[in-house]
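Student: Before anything else, here's the structure in question.
Numbering (our numbering), first residue to last: 16 to 844.
Structure follows, in structure tokens:
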């Protein structure tokens, strides 16, 4: 028989349902938050495959646009009688937004695939600006609905905001981890997985049968689309993979992905692939067959077939064979193994030991294991030691010394240097990186780099200027004696040595070049007239640039040159950036010749994105708030001061965030991994800082003056946090080079955490102060901060390119100090 007391005190069905709903809402918010951040990070990969351009900052900007527009919409919608309606229909509204997030996450990919944006045409086709704006606006839609889920929950359950906000933060951190885990999948399938979280979150919150049926339908529809390719990115028609697949009989024989990229292996049986940069025109023998590995649809690296009967003379007829004919190296280090071409050349031309470093485990497995038989098991040769590591970190960690270091792979040949990598960090070719390589050489060792030749010269001169700076920093008084270079019609090879080239080496270089029809760009004491003996160019030539860069007037030459060829440093690691505004007329003249596509379109895409971000932020975030009116904002806080405070916070936060992502790239070795770790750390720790600030605000004895002091304290903490991250990240790069990636990521997190925690405080403290003195201005403060954030995400990268990462951080710090100063009333200053 049942105990009457137990029956009396048993929770009712209504109470049980309410308790379950109380738990379900934070879980649903965490799911939507995780899905939104994972979708954001995977979208970076999706766009990297579809286009060349670095879209990371654009995606951060459009995510902020979606959040800002959503906040504006909620401010306009949730007022008056609608507040009571929200209390009644919250679960339906939340479920609708979660479902629309999922639907739009899939639909916008389909739309984005068919938007004919091509950044290479930006100079001569003004319509591309409109297509870019449409792409930007379309991809912000899922973030609008995700942010609406959070805003609705905060508006309906104000008393539970700390718990709900905590769920949002935990979800964001889980989303970053989920994106890393999903990197092994085709990127469009990872995006679909993120979208499926939408109907799951909606199911958890709503109790209404029609909405639950809709959740099931949307989830099933997305699951049915999983095996298809309809959401796969469509690679730009000018990418190497797209052009190769146009060959008769070309086909994809393998495809895979990891955190370092999406890889495609292509075979072309009817029209054999021939990748041999710098091959002499006098070489007429047929080359062995090759398989092509493409990374994100470009940056080809070949696997060369060895059937036991191949003729390897072609390896000695490339410009990159030069170092083996000057000083036969005993130990060679190849940085960027790829398919193994540079390893094959080293072994064929006499190296006794080759250490081959490859960053991607998947690409290494293809070259060594899965297709090792195709290359005659090249990487299993007893003379070869293979390593999976970041190339620069490997150099820092090794105690070995090498007679030759080959800087190979995508740094030299990605996209042919077509200006599309303008905003991509390339830490492998900075002054500091070249100094690391030089220190790893034996006393008579050499560093070799091969570059595509272009006219007017850009990449080659920037590489040379960077190397000269590195040699001088290493104590070489006359770098001209430690440098040698030759070129063919399509490529040039550059040697940078620890010790000066003697007469014997120069004579060997001259013989090598003459027999193969190569021009001598530079060699100490080389005969006059050898720089254009076989391949004549219109001025300015590489030879002219080299001579100018070695002269006492080198700085004047660099400043006056039509393209940016300043030495690349870890503070400005943008090797692919050459654009100068004064070269725009040249771009315009070349547009009719088709040459404009070869000149720094990446920078122009960033500028165009900045302009459209300003317009869209004003139209979608700020202007709609005029419908609210401005009300009485109080006498002690003028609109100008309030606006300056929240605009400064929005700018400063994103300037630091983008600069931090770039600095993390140096530590972690890849920008996408840095984005995962950096965004998770910034969002999580800044959110915790915001929650801590909320505890201050909730204290009963906190008046307006105390809040002002807290804001000043938070800014001082930001100053200390910046100093902390600088010490940690610089020290970590030097001390953790040999550590596994996970531990380096943890160190990066520790470096960012205190700074991000402090950065999370000024905004909620300012809002709390404003809600007391001028509550009508709170939505405007949100809007101003949102507009500034949307713009700052792109502005930060442009600043880093122009003035460097340190200067960008200093500007951000100045904005925080200005915000603290302008917030105080004039009488308190």
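Cβ coordinates follow ideal geometry from the N, Cα and C atoms, glycine included. As the structure is a computational prediction, the values presented were derived from the model and not from experiment.
1) Residue 739 to residue 234, Cα distance in whole Å?
2) Between 288, 421, 324 and 286, which lies nearest to residue 348 when the distance is taken from Cα to Cα?
3) Helix, strand or coil, according to DSSP, for residue 466 in the structure here?
4) Report all residues from its chain with a CB closer than 6 angstroms to the CB of residue 161; omit the five preceding and five following residues, and keep chain order.
5) Whole angstroms is fine: what's the gap from residue 443's alpha carbon to residue 626's?
6) Quick check: the stretch 74-88 against the stretch 820-827, are at least 3 beta-carbon pairs closer than 8 angstroms?
7) Please list the segments of the alpha helix (DSSP H) lying wholly inside the stretch 95-133, counting only runs of 4 or more residues, in order along the chain.
8) Quick one: grab the DSSP three-state call for residue 308.
9) Threshold first: 3 residues or longer. Then list the beta strand (DSSP E) segments lying entirely within the stretch 47-76, N to C.
10) By how many angstroms is the C-alpha of residue 439 removed from the C-alpha of residue 565?
11) So, at 8 angstroms on beta carbons, what are the nonlocal neighbours of residue 633 in its own chain, with the 5 sequence-adjacent residues on each side left out?
12) Determine the closest residue to residue 92 out of 149, 170 and 42, with distance taken between C-alpha atoms.
13) To which residues of the same chain is residue 769 closer than 7 angstroms at the C-beta, ignoring the five residues directly before and after it?
14) Could you give the residue range of the beta strand (DSSP E) that holds residue 189?
15) For residue 271, which residues does DSSP report across the bridge?
16) On a Cα-Cα basis, can you pick out the residue from 484, 413, 412 and 454 that is closest to residue 445?
17) To the nearest angstrom, how far is the alpha carbon of residue 489 from that of residue 583?
18) Following the continuous beta strand (DSSP E) through residue 347, name the residue where it begins and the one where it ends.
19) Can you check which of these residues, 461, 507, 449 and 502, is closest to residue 481 by C-alpha distance?
20) Could you tell me which of 61, 590 and 381 sits nearest to residue 128, measuring between CA atoms?
21) Beta-carbon within less than 7 angstroms of residue 376's beta-carbon, same chain only, minus the 5 sequence neighbours each way: which residues are those?
22) Excluding the five sequence neighbours on either side, which residues of its own chain have a C-beta within less than 8 angstroms of the C-beta of residue 577, listed in chain order?
23) Within the same chain, show all residues whose beta-carbon is closer than 7 angstroms to that of residue 427, passing over the 5 residues directly before and after it, in chain order.
24) Do residue 303 and residue 285 have their C-beta atoms within less than 8 angstroms of each other?
25) Residue 363 and residue 501 look like a contact to me (Cβ under 8 angstroms); what is the Cβ gap, rounded to whole Å?
26) In this structure, what does DSSP give as the bridge partners for residue 417?
27) For residue 432, which residues of its own chain have a beta-carbon under 8 angstroms away from its beta-carbon, when the five flanking residues on both sides are left out?
28) Count the C-beta pairs between the stretch 223-238 and the stretch 290-300 that are closer than 8 angstroms, then say yes if the count reaches three, no if not.
29) Exposed or buried, residue 251, counting other C-beta atoms within 10 Å across all chains shown (16 or more means buried)?
30) Check this for me: beta carbons of residue 694 and residue 191, under 8 angstroms apart or not?
31) If we count Cβ pairs, one from each stretch, closer than 8 angstroms, do we get three or more for the stretch 780-799 versus the stretch 718-727?
32) For residue 571, does the count of other Cβ atoms within 10 angstroms reach 16, so buried, or fall short, so exposed?
33) Return the CA-CA distance between residue 414 and residue 380, expressed in angstroms with no decimal places.
34) Can you tell me which of the three DSSP states residue 262 falls into?
35) Runs of 4 residues minimum, wholly inside the stretch 711-765: which ones carry the alpha helix (DSSP H) assignment?
36) For residue 497, report the span of its beta strand (DSSP E) as first-last.
Tutor: Let me lay it out:
1) Distance between the alpha carbons of residue 739 and residue 234 is about 45 angstroms.
2) Nearest of 288, 421, 324 and 286 to residue 348, Cα basis: 421.
3) The answer is strand: DSSP assigns residue 466 an E or B state.
4) Closer than 6 angstroms at Cβ, skipping near neighbours: 47, 51 and 116.
5) Distance between residue 443 and residue 626, taken at the CA atoms: about 31 angstroms.
6) Contact between the stretch 820-827 and the stretch 74-88 is absent, because fewer than three Cβ pairs lie under 8 angstroms.
7) With a minimum length of 4 residues, the unbroken runs of alpha helix (DSSP H) contained wholly in the stretch 95-133 fall at 96-129.
8) DSSP, reduced to helix, strand and coil, places residue 308 within a strand of the structure shown.
9) Here no run is fully enclosed.
10) Between the alpha carbons of residue 565 and residue 439 lies a distance of about 28 angstroms.
11) Only 802 meet the Cβ criterion.
12) With distances taken between Cα atoms, residue 92 lies closest to 170.
13) Hits under 7 angstroms: 736 and 739.
14) Boundaries for residue 189: no beta strand (DSSP E) harbours it, while the alpha helix (DSSP H) harbouring it runs 176-197, taken from the DSSP string.
15) Partner residues in the beta bridge of residue 271, as assigned by DSSP, are 278.
16) Of the candidates 484, 413, 412 and 454, the one whose C-alpha sits nearest the C-alpha of residue 445 is 484.
17) Approximately 16 angstroms, taken between the alpha carbons.
18) For residue 347, the enclosing beta strand (DSSP E) begins and ends at 346-350.
19) Closest by alpha carbon: 449.
20) Cα-wise, what sits closest to residue 128 is 61.
21) Once the five neighbours on either side are set aside, the close Cβ partners of residue 376 are 273 and 403.
22) So the list reads 471, 595, 597, 598 and 601, once near-sequence residues are dropped.
23) Because residue 427 sits at a pLDDT of 43, beneath the cut-off of 50, its placement in the model cannot be relied upon, and the point is left open.
24) No, these two residues do not count as a Cβ contact at 8 angstroms.
25) About 19 angstroms separates the beta carbons of residue 363 and residue 501, which is beyond the 8 angstroms limit, so they are not a contact pair.
26) Beta-bridge pairing links residue 417 to 456.
27) Any reading at residue 432 needs caution, since the residue's pLDDT is 38, under 50, leaving its predicted position unreliable; the model's value is listed next. Here the set comprises 466, 467, 469, 473, 474 and 591.
28) No, because fewer than three Cβ pairs between the stretch 223-238 and the stretch 290-300 fall closer than 8 angstroms, the two stretches do not touch.
29) Result: buried.
30) With respect to residue 191, residue 694 sits close: the two C-beta atoms are nearer than 8 angstroms.
31) Because the criterion of three Cβ pairs below 8 angstroms is met, the stretch 780-799 and the stretch 718-727 touch.
32) Classification for residue 571: exposed.
33) Within the model, the alpha-carbon separation for residue 414 versus residue 380 is close to 26 angstroms.
34) Residue 262: coil per DSSP, three-state reduction.
35) For secondary structure counted as the alpha helix (DSSP H) over 4 or more consecutive residues, the stretch 711-765 holds these complete runs in sequence order: 719-750.
36) For residue 497, no beta strand (DSSP E) encloses it, and the DSSP letter there is neither H nor E.
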